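Taking my numbering, I'd label the letters of the sequence shown as residues 147 to 408.
Yeah, the Cβ is synthetic: ideal placement off N, Cα and C, and Gly gets one too.
All figures in this text were calculated on a predicted structure; none of them were measured in a lab.
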Amino acid sequence: MSRLLDRLDAVDRGATRAMGFAASAEPKPTPSMALLAWVPDLPQRDIASFAKLPVDSLILPGDLAPDVLAKKITPLDNVVWGVTMEKPARARVEAYREKRSDFFVFGIEETEVDAMEEGECARVLRIAPEMEESQLRGLEDLPVDIVLLQRPEPQGPLRLAHLLVISNVRAMTSRYLLLEWSGELTSRDLEYLRDAGVDGIVANVETMAPSTFAALHEKMSSLPRRRPRGEQRPLAVLPRTGGPASVRPQRREDEDEDEDEP
Numbered sequence: 147m148s149r150l151l152d153r154l155d156a157v158d159r160g161a162t163r164a165m166g167f168a169a170s171a172e173p174k175p176t177p178s179m180a181l182l183a184w185v186p187d188l189p190q191r192d193i194a195s196f197a198k199l200p201v202d203s204l205i206l207p208g209d210l211a212p213d214v215l216a217k218k219i220t221p222l223d224n225v226v227w228g229v230t231m232e233k234p235a236r237a238r239v240e241a242y243r244e245k246r247s248d249f250f251v252f253g254i255e256e257t258e259v260d261a262m263e264e265g266e267c268a269r270v271l272r273i274a275p276e277m278e279e280s281q282l283r284g285l286e287d288l289p290v291d292i293v294l295l296q297r298p299e300p301q302g303p304l305r306l307a308h309l310l311v312i313s314n315v316r317a318m319t320s321r322y323l324l325l326e327w328s329g330e331l332t333s334r335d336l337e338y339l340r341d342a343g344v345d346g347i348v349a350n351v352e353t354m355a356p357s358t359f360a361a362l363h364e365k366m367s368s369l370p371r372r373r374p375r376g377e378q379r380p381l382a383v384l385p386r387t388g389g390p391a392s393v394r395p396q397r398r399e400d401e402d403e404d405e406d407e408p
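(1) Shortest alpha-carbon distance to L282 belongs to which of L306, T319 and T257?
(2) How big is the Cα-Cα spacing for D152 and D248?
(3) Helix, strand or coil for S280, going by three-state DSSP, please let me know.
(4) Mind checking which residues open and close the beta strand (DSSP E) that includes E258?
(5) Helix, strand or coil, according to DSSP, for A197 in the structure here?
(6) First and last residue of the beta strand (DSSP E) that includes P356?
(7) Is it buried or exposed, P370, if we count other Cβ atoms within 10 angstroms and call 16 or more buried?
(8) Tell me which same chain residues have a C-beta within less than 7 Å of the C-beta of L199, skipping the five on either side of it?
(9) Would you report the Cα separation of P300 and T257, rounded to the nearest angstrom?
(10) Count the other CB atoms within 10 Å of the CB of R372; is the residue buried (16 or more) or exposed (fewer)?
(11) Tell me the DSSP secondary structure of V251 in three-state form.
(12) Where are the beta strand (DSSP E) runs, 3 residues long or more, that stay fully inside the stretch 203-231, in chain order?
(13) Ordered along the chain, which non-local residues of its own chain (more than five positions away) have a Cβ less than 8 Å from that of R149?
(14) Tell whether a beta-carbon distance below 8 Å holds between L295 and Y338.
(15) For E266, report the span of its alpha helix (DSSP H) as first-last.
(16) Taking only three categories from DSSP, how would you classify E286?
(17) Tell me the residue span of the alpha helix (DSSP H) that contains V311.
(18) Under a Cβ-count criterion, where at least 16 other Cβ atoms within 10 Å of its own Cβ denotes burial, should T220 be classed as buried or exposed?
(19) On a CA-only basis, which of E330, Y322 and V311 is nearest R159? Give me that one, please.
(20) Which same chain residues, not among the five before or five after V315, have their C-beta less than 6 Å away from its C-beta?
(21) Is the beta carbon of L331 closer than 8 Å to that of V348?
(22) Are V270 and V239 close, meaning C-beta to C-beta below 8 Å?
(23) For V290 versus P298, is the C-beta spacing smaller than 8 Å?
(24) Below 6 Å CB to CB, which residues in the same chain sit around P212 once its five sequence neighbours on both sides are set aside?
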C-alpha cells in the first residue's frame, strides 16, 4: 500500500495509545494534517537538501525517464516521493512504480483510464478551483485515492472566499483532500482548513523557504486534537452502491464512535 495513504490514514485516525503496563508515557501526537513539498524542477545540486525538509513526501517532476529520475534522486533514498504526469499511461506508471514512486499526480483531460489501476501507487487527481459543479459532482465516481486542489484565488492570506471553494470540493468527495498553498498560514488558518476537511497542505519549494516548511510542520504538530467525526458536519456525498468509487474505501471513521454508542 502507498505510504502516503498510510500517512493520511494516520492523520485521519489521530494518535493511538499503546497498550500494556509499560505504556505509561503519553504517546507522541500525530500531526492532524500532512505536509508535502512540490518540487517543480530538480536542480543539479542540493538535491539532498530536500531530504531535510520536515515533510511527509515530495512531489517530483515526471518529465524525466524513470531510470534517469531514479539516478538523479539517489540522495533521497529514504524519502517518500511521487511524480507528476501530464499524460499518464499504464506502462509509464508501472515504470515509475518499479523505481519506488509511491504515488502519481495527474489531471483529468489527458489521463488514460487504463492507467488508473488500483495498486501500490496512490492515485492523486489534481483539479482546478474553478471546476464546474457538474464536474465536481462526478468526482466521487472516479477511480482515484486523493484529490489535490490547486490554490484558489485571491492571493494573500487565507480568506472566506478560499474556504468557500474548499468546502464546495469537500462536499463532493469522500477522498482525502490536499490543498496547494503559497505563503504563510497561521495556526488558526490551519485549524479552519483542517475542520473544513483539508487533510494536508502542498507547498512549492521554489516559493517557500525551508524555515517556512519547518514552521508549518510545528504548527500542524501543535494543533488541538481533531474533533470526532460525529461532531463535524457530515459530508454531503450520496452513498454509492457500485461503480468506480467503490474501488477504494471511503475515509475511515473513528472506530471509538461505534464502541461508545449504546
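Based on what the coordinates show:
(1) Residue 282 sits at position 136 when you count from the first residue of the sequence shown. Out of L306, T319 and T257, T319 has the C-alpha closest to the C-alpha of L282.
(2) For the purposes of this step, residue 152 is taken as residue 6 along the sequence shown, with counting starting at 1. For the purposes of this step, residue 248 is taken as residue 102 along the sequence shown, with counting starting at 1. Between D152 and D248, the C-alpha separation is close to 11 Å.
(3) Indexing the sequence shown from 1 puts residue 280 at position 134. Looking at S280 - three-state DSSP - the assignment turns out to be helix.
(4) Taking the sequence shown and counting its residues from 1, one reaches residue 258 at position 112. Counting along the chain, E258 falls outside any beta strand (DSSP E), and DSSP gives it neither H nor E.
(5) Your numbering for residue 197 matches position 51 in the sequence shown. If DSSP states are grouped into helix, strand and coil, A197 belongs with the helices.
(6) For this step, residue 356 is matched to residue 210 along the sequence shown. Careful: P356 lies outside any beta strand (DSSP E), inside the alpha helix (DSSP H) at P356 to S368.
(7) The sequence position of residue 370 within the sequence shown is 224, counting from 1. Exposed: under 16 other Cβ atoms inside 10 Å.
(8) Position 53 of the sequence shown, counted from the first residue, corresponds to residue 199. Closer than 7 Å at the Cβ level, and outside the excluded window around L199, lie A183, P356 and F359.
(9) Here residue 300 refers to the residue found at position 154 when the sequence shown is read from its first residue. Here residue 257 refers to the residue found at position 111 when the sequence shown is read from its first residue. Cα to Cα, the separation comes out at about 28 Å.
(10) Your numbering for residue 372 matches position 226 in the sequence shown. The residue in question, R372, is buried, as its Cβ has 16 or more Cβ neighbours within 10 Å.
(11) Locating residue 251 in the sequence shown gives position 105, where the first residue counts as 1. The answer is strand: DSSP assigns V251 an E or B state.
(12) 203-207 and 227-230
(13) As a working note, residue 149 is residue 3 in the sequence shown. Answer for R149: S203, V226 and D248, listed in chain order.
(14) Reading the sequence shown from its first residue, position 149 is the one you call residue 295. Reading the sequence shown from its first residue, position 192 is the one you call residue 338. Not a contact, by the Cβ cut-off of 8 Å.
(15) The sequence position of residue 266 within the sequence shown is 120, counting from 1. From DSSP, E266 is part of no alpha helix (DSSP H); its letter is neither H nor E.
(16) Here the question's residue 286 lines up with position 140 in the sequence shown. Residue state, collapsed to three classes: helix.
(17) As a first step, residue 311 must be located in the sequence shown, where it is residue number 165. L306 to R316 is the extent of the alpha helix (DSSP H) around V311.
(18) Indexing the sequence shown from 1 puts residue 220 at position 74. Exposed is the call here.
(19) If you number the sequence shown from 1, residue 159 lands on position 13. Ranking E330, Y322 and V311 by Cα distance to R159 puts Y322 first.
(20) Position 169 of the sequence shown holds residue 315. L295.
(21) Against the sequence shown, residue 348 aligns to sequence position 202. Against the sequence shown, residue 331 aligns to sequence position 185. The answer is no: Cβ separation not under 8 Å.
(22) Counting from 1 along the sequence shown, the entry for residue 270 is found at position 124. Counting from 1 along the sequence shown, the entry for residue 239 is found at position 93. Contact: no.
(23) By one-based count along the sequence shown, residue 290 stands at place 144. By one-based count along the sequence shown, residue 298 stands at place 152. No.
(24) Walking along the sequence shown from the start, residue 212 turns up at place 66. Excluding sequence neighbours, P212 sits near A241, Y242 and K245.
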